[in-house]
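Student: Structure provided below as structure tokens; questions to follow.
Residue numbers (the numbering used here): 13 to 103.
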């Protein structure tokens, strides 16, 4: 069980490092926004792993809050970076 935990944690750390690279070097703001959303998902996965390994439900409210924050940030970024009505062509 410990070996699986170590492998999973190392995979999450590698994913977080690659995501931080994209977050800092993203050529556009949309790339940075997607990287931030992926980083929130990695944190959620890490907290879920910790809760499952230690068998305690105390981190579940934190997971729910992070899920809501991740969803709200994705929706707001899509709202503000999406095409404006003045940019659309009249058909």
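The beta-carbon is built from N, C-alpha and C at its ideal position, and this holds for glycine as well.
1. The ligand COA and residue 75: does the residue's C-beta get closer than 7 angstroms to at least one heavy atom of that ligand?
2. Looking only at its own chain, which residues have a Cβ that is under 8 angstroms from the Cβ of residue 79, when we skip the five neighbours before and after it?
3. Taking 8 angstroms as the threshold (C-beta atoms), are residue 81 and residue 52 in contact?
4. Tell me which residues share the same chain as residue 61 and place their Cβ nearer than 8 angstroms to its Cβ, disregarding the 5 neighbours each side in the sequence.
5. Just mark residue 36 as buried or exposed, buried being the case when its beta carbon has 16 or more other beta carbons within 10 Å.
6. Assuming residue 28 and residue 54 form a contact by the criterion Cβ under 8 angstroms, report the distance between their Cβ atoms to the nearest whole angstrom.
Tutor: Let's see:
1. Looking for the ligand COA in the displayed structure turns up nothing, as the structure carries no ligands at all.
2. Mapped onto the chain shown, residue 79 falls at position 67. If we look at residue 79 and ignore the five residues flanking it on each side, its Cβ neighbours are 56.
3. Here residue 52 refers to the residue found at position 40 of the chain shown. Here residue 81 refers to the residue found at position 69 of the chain shown. Yes, the Cβ-Cβ distance between residue 52 and residue 81 is below 8 angstroms.
4. Against the chain shown, residue 61 aligns to sequence position 49. Correct list, in chain order: 17, 20, 21, 24.
5. By 1-based counting over the chain shown, the position of residue 36 is 24. Burial call: exposed.
6. For the purposes of this step, residue 28 is taken as residue 16 along the chain shown, with counting starting at 1. For the purposes of this step, residue 54 is taken as residue 42 along the chain shown, with counting starting at 1. Yes, residue 28 and residue 54 are in contact; Cβ-Cβ is about 5 angstroms, under 8 angstroms.
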